[in-house]
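Numbering (the numbering used here), first residue to last: 827 to 1326.
Structure record follows, encoded as structure tokens.
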């Protein structure tokens, strides 16, 4: 019910006050969830703490504009159509989340729907309408509560009292309806999880190697041999445990795979000797004018050959590239420290024993439609490789893991996640965590998954609900504008020439 107080306040606020309240809501929302970015830029971006704080503050201010826009739009709609328009808040909120996903490359971190990822009966709604639909469900509860309690009805007696009860009842009906919808969806979700149909299929034993390499040691040439040897040793351990596929984290190799032939041959030899494919992250260099660098995932087949390469398509702002470099002149150390990667342009699937498998690299996993494209294209297993060492001991690794879990529910697929320092783990198609590692510990995580070919409704239709919400919001604003324009013209005609 986090949005309910804001919606109650918006019902009677001026436009300026609505903007202020929405902006403050956004500041609190994103400061509380993205505070860890300051540490990342200060420790790994070579920035002074104050400058890192300033850049983080600018990001928070930018993101806070979306709740501010939500508040302004809601105030306009309530002003034009009356208090009942509060019940349209879910559509407006989802519209702003959709905008946040794509505007200026997008930053869809901690959408409202992720709050339900551990509430499995409710979270199953994502298999129908995606995380945006779950956001709408959460916002709907807030909107119904705000509509029910918002107006100051006062006390009445006699006939007026009867009218008071009538108004109270009419205002409570939307809340009762929303709670009924939540109850029905939760009951359906509980039955869906209990049936467990999506856990049946062709089994495979997956092993995740968590090397636990500190970020400051990752590219130290003196540490490279030890890091690489530890990954090979843990891979042999995973194979001995019966793994059919071994997965290393993002940028796991302390070298460029295609450039260091001796080390690459060691990986190929392990895969060939055990007849087990290995999926891992490594940087890729494409020589040319200019030379391009890619954050990539490689599959080495069971025969030791390269089975496919996927290039990361959604890069991390301020991590893999710096947007608006000229404007951020005061952050020169950060601009120099950040690698200038290029984005890939194809949702490549890799064949593992006859099963198409997809890989999302790090931050990509928070883009619902990208992962959906993989599954719509035939992916039978979702994998994601990441390096969360940047985050330290903050809430960020937990946020990242939770958001990845939602992709499993949306698409009805097992999701396996290999993280350098954790959290590595396996999530089943219902969002249940099968197994997970601890943070900052070397680990080999193994679990049995199944390959799936059936598609959920969300996989088939994508974010249709979110786009319909956006179109409805735009249509309401256009109609409001036209009505205001018509009223202005009528009012002008009703005034005589002299009065005018």
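All residues carry an ideal CB built from backbone N, CA and C; glycine is no exception.
My output table needs one value for residue i: the three-state DSSP class, helix, strand or coil.
i            : result
residue 1061 : helix
residue 1101 : coil
residue 1119 : strand
residue 780  : Summary: the structure shown does not reach residue 780, with the chain confined to residues 827 through 1326, and so no result is reported for it.
residue 1241 : strand
residue 1143 : strand
residue 863  : helix
residue 971  : helix
residue 1027 : coil
residue 1134 : strand
residue 936  : coil
residue 1019 : helix
residue 838  : coil
residue 1036 : strand
residue 1273 : strand
residue 1256 : coil
residue 873  : coil
residue 833  : helix
residue 1236 : helix
residue 1014 : helix
residue 846  : helix
residue 1084 : coil
residue 1267 : coil
residue 997  : helix
residue 961  : helix
residue 1052 : helix
Distance, Cα to Cα, residue i vs residue j?
i            : j            : result
residue 1136 : residue 1202 : 17 Å
residue 1139 : residue 853  : 29 Å
residue 923  : residue 1226 : 17 Å
residue 1169 : residue 997  : 50 Å
residue 837  : residue 1237 : 38 Å
residue 1113 : residue 1028 : 41 Å
residue 851  : residue 1196 : 29 Å
residue 886  : residue 855  : 9 Å
residue 846  : residue 1193 : 29 Å
residue 1162 : residue 961  : For residue 1162, the predicted structure reports a pLDDT of 46, less than 50, and the residue's modelled location is therefore unreliable. A value from the coordinates is still provided. Whole-angstrom Cα-Cα distance: 38 Å.
residue 916  : residue 1283 : 21 Å
residue 888  : residue 868  : 20 Å
residue 1065 : residue 1004 : 50 Å
residue 1020 : residue 1011 : 14 Å
residue 1266 : residue 1038 : 6 Å
residue 1002 : residue 969  : 12 Å
residue 1072 : residue 1143 : 29 Å
residue 1096 : residue 1244 : 19 Å
residue 1141 : residue 1232 : 20 Å
residue 866  : residue 881  : 11 Å
residue 1296 : residue 840  : 24 Å
residue 1187 : residue 1109 : 12 Å
residue 1052 : residue 873  : 30 Å
residue 1014 : residue 947  : 7 Å
residue 1255 : residue 1081 : 34 Å
residue 879  : residue 1092 : 43 Å
residue 1050 : residue 1128 : 25 Å
residue 864  : residue 1219 : 13 Å
residue 835  : residue 1259 : 39 Å
residue 1034 : residue 1250 : 7 Å
residue 1199 : residue 1285 : 8 Å
residue 1183 : residue 912  : 43 Å
residue 884  : residue 891  : 11 Å
residue 1179 : residue 927  : 35 Å
residue 1043 : residue 1215 : 11 Å
Report, in whole angstroms, the separation of the C-beta atoms of residue i and residue j, which I expect to be a contact under 8 Å.
i            : j            : result
residue 1075 : residue 1041 : Actually they do not touch by this definition, with Cβ atoms about 12 Å apart.
residue 859  : residue 955  : So it is not a contact: roughly 23 Å between Cβ atoms.
residue 1031 : residue 1279 : No, residue 1031 and residue 1279 are not in contact; Cβ-Cβ is about 19 Å, not under 8 Å.
residue 1303 : residue 899  : 7 Å
residue 1060 : residue 1270 : 5 Å
residue 1191 : residue 1210 : 5 Å
residue 921  : residue 1299 : 4 Å
residue 893  : residue 976  : Actually they are not in contact, since the Cβ atoms of residue 893 and residue 976 sit about 18 Å apart, beyond 8 Å.
residue 1217 : residue 958  : Residue 1217 to residue 958, Cβ: 25 Å. No contact.
residue 1248 : residue 943  : Rounded, the Cβ-Cβ distance is 18 Å, inconsistent with contact.
Per the DSSP calculation, residue i is bridged to which residue(s)?
i            : result
residue 1262 : 1251
residue 1212 : 1245
residue 854  : Answer is none; residue 854 lacks a bridge partner.
residue 1072 : 1033, 1104
residue 1125 : 1105, 1134
residue 1207 : 1183
Scan the region 1168-1201 and note each continuous beta strand (DSSP E) run of 3 residues or more that stays entirely inside, going in chain order.
-> 1176-1178, 1181-1187
Starting from the N-terminal side, write out each stretch of the alpha helix (DSSP H) that is 4 residues or longer and does not extend beyond the region 881-950.
-> 915-928, 946-949
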